[in-house]
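Residue numbers (our numbering): 31 to 470.
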């Protein structure tokens, strides 16, 4: 072996090899022309054996008839056909994985193969190069959607909604100070224990932290398109609350004891009267627009469109906009960055063991919530949330570009009952305060 290495070193000193500055090019020459083993080339050129093998493999690929790893039977027209099929399917809500594209390409090769031809197939490496050659398609990490949301996330549902909103906006000419979004979210505070490594015959155990947080808490959050946040009712499952946390004693939050921590129709109606209507009236006074119509956007949550609320909106010049079913993840401003900020702070507090100087568990929990709400209350965060939905500034193209034209083929749009006052997912999406009398 020593004799072979020395001979390789002597060959590198010849004029022909000396002209090659790249050590990998020398390695390719030594192996392909002089048939010197890769191990000996790696030692003589001070390269790793794996890098030499990769260089040789790349050179072999460049010299094969199918350039860039493309089988000889798979020409440019075949690739263009495959690209067209992928784009067409994506526009109609069907998306393919790399494995499926590989199978599609191999099926296409089978149709072109003649009797007696060598059997050639493509693999995952070919798919990677195929995607690089065609910039009109790309890989993207899918958004995990429940079945209902996946079926409704298309222009089929979203475009009619924006058409109706456009008509409303042209009618009332809203201003950002009087364009509101109301929604609730829940935080679950049961701390999960991490998995522990143990022997197969034993079951690990862990000590539960001393501070136990409520299992569920509901936050009713209202923002406006000018970046403001308003009085925030918070339902927490405590039987009693300190006096300083009751209604009217704080400027930003209202803490309400609730056995379940969930929002019911009765609770929502009561809070709508006491908080939402009052906040909208005060905002009208602040901007000097006492007779200006306000616009309130809500999803079809529990109690949101009950008869009493419709009457309250009519009496107070509030036009209601109902989001289509299963679309709040892209159309509801509060669902974009605002609730994420709240839950991020809440999650960090749980993971850190809720270390705080407060002595009461209730005060610990309330302090966590206030920190989360403060993180979500920055005006720029609220404005960005509105902008990302295309509702204000009104720009539907903001989300149209990312939506397929139609629902997936496996989904058939489900239509809700059209009886008043709930409306229909694919019918009217807003209730004008001037026309609400038709519903009573």
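Built from N, CA and C at the ideal position, the CB exists for glycine as well.
Bear in mind that the values here come from a model prediction, so they are computed numbers and not experimental data.
How should residue 285 be labelled, buried or exposed, when 16 other C-beta atoms within 10 angstroms of its C-beta is the threshold for buried? Under this definition residue 285 is a buried residue.
Does the Cβ-Cβ distance between residue 246 and residue 182 come in under 8 Å? Taking 8 Å as the Cβ cut-off, residue 246 and residue 182 do not qualify as a contacting pair.
For residue 360 and residue 429, which I take to be in contact (beta-carbon distance under 8 Å), what is that distance rounded to the nearest angstrom? Right, the Cβ-Cβ distance comes to about 6 Å (below 8 Å), so this counts as a contact.
What are the start and end residues of the beta strand (DSSP E) that includes residue 283? 283-287 is the span of the beta strand (DSSP E), which, as asked, contains residue 283.
Distance check for residue 376 and residue 237, CA to CA, integer angstroms please. Low confidence applies to residue 237: its pLDDT is 48, below 50, so where it sits in the model is not reliable enough to give any reading.
Which residues bound the beta strand (DSSP E) around residue 112? It is not in any beta strand (DSSP E) - residue 112 instead sits in the alpha helix (DSSP H) that spans 106-121.
So, at 8 Å on beta carbons, what are the nonlocal neighbours of residue 179 in its own chain, with the 5 sequence-adjacent residues on each side left out? Here residue 179 has 356, 357, 359 as same chain residues with Cβ atoms under 8 Å from its own Cβ, once five neighbours each way along the sequence are excluded.
At 4 residues or longer, and completely inside the segment 350-379: list those alpha helix (DSSP H) runs for me, N to C. Listed in chain order, they are 358-361.
Look at the alpha carbon of residue 166 and the alpha carbon of residue 184, and state the distance between them as a whole number of angstroms. If I take the Cα positions, the gap works out to 20 Å.
Residue 167 (DSSP reduced to helix, strand or coil): Reduced to three states, the DSSP call for residue 167 is coil.
Any contact between the segment 318-326 and the segment 205-212? By contact I mean 3 or more CB pairs, one from each, below 8 Å. Counting Cβ pairs under 8 Å, three or more are found: they touch.
The segment 146-156 in contact with the segment 391-403 per 3-pair CB rule at 8 Å: Taking a contact to require three or more Cβ pairs closer than 8 Å, the segment 146-156 and the segment 391-403 do not qualify as touching.
Using the Cβ count rule (16 or more neighbours within 10 Å means buried), how would you classify residue 60? By the 10 Å Cβ count, residue 60 comes out buried.
Comparing C-alpha positions only, which one of 345, 267, 294, 420 sits nearest to residue 217? Residue 267 is the option with its Cα nearest to residue 217.
Hey, how far is the Cα of residue 342 from the Cα of residue 124? C-alpha separation (whole angstroms): 44 Å.
Proximal residues to residue 257 (C-beta, below 6 Å), its chain only, five neighbours per side dropped: Annotation for residue 257: 409, 412, 413 place their beta carbon closer than 6 Å to its own, counting only its chain and skipping 5 residues before and after.
On the CB-based measure, 16 or more other CB atoms within 10 Å of its CB, does residue 135 come out buried or exposed? Around the C-beta of residue 135, 16 or more other C-beta atoms lie within 10 Å, and the residue is accordingly described as buried.
What would DSSP say about residue 332, mapped onto helix, strand or coil? The answer is coil: DSSP assigns residue 332 none of H, G, I, E or B.
Could you give the distance in angstroms between the alpha-carbon of residue 336 and the alpha-carbon of residue 346? Near 16 Å, if we compare the C-alpha coordinates of residue 346 and residue 336.
How should residue 213 be labelled, buried or exposed, when 16 other C-beta atoms within 10 angstroms of its C-beta is the threshold for buried? Under this definition residue 213 is a buried residue.
Give every residue of the same chain whose Cβ lies closer than 6 Å to the Cβ of residue 187, excluding the five residues on either side of it in the sequence, and list them in chain order. Only residues of its own chain outside the window of five on either side were considered, and among them 354 have a CB closer than 6 Å to the CB of residue 187, listed in chain order.
Measuring alpha carbon to alpha carbon, tell me which of 314, 315, 352 ends up nearest residue 332. Selected option, being the one with the closest Cα: 352.
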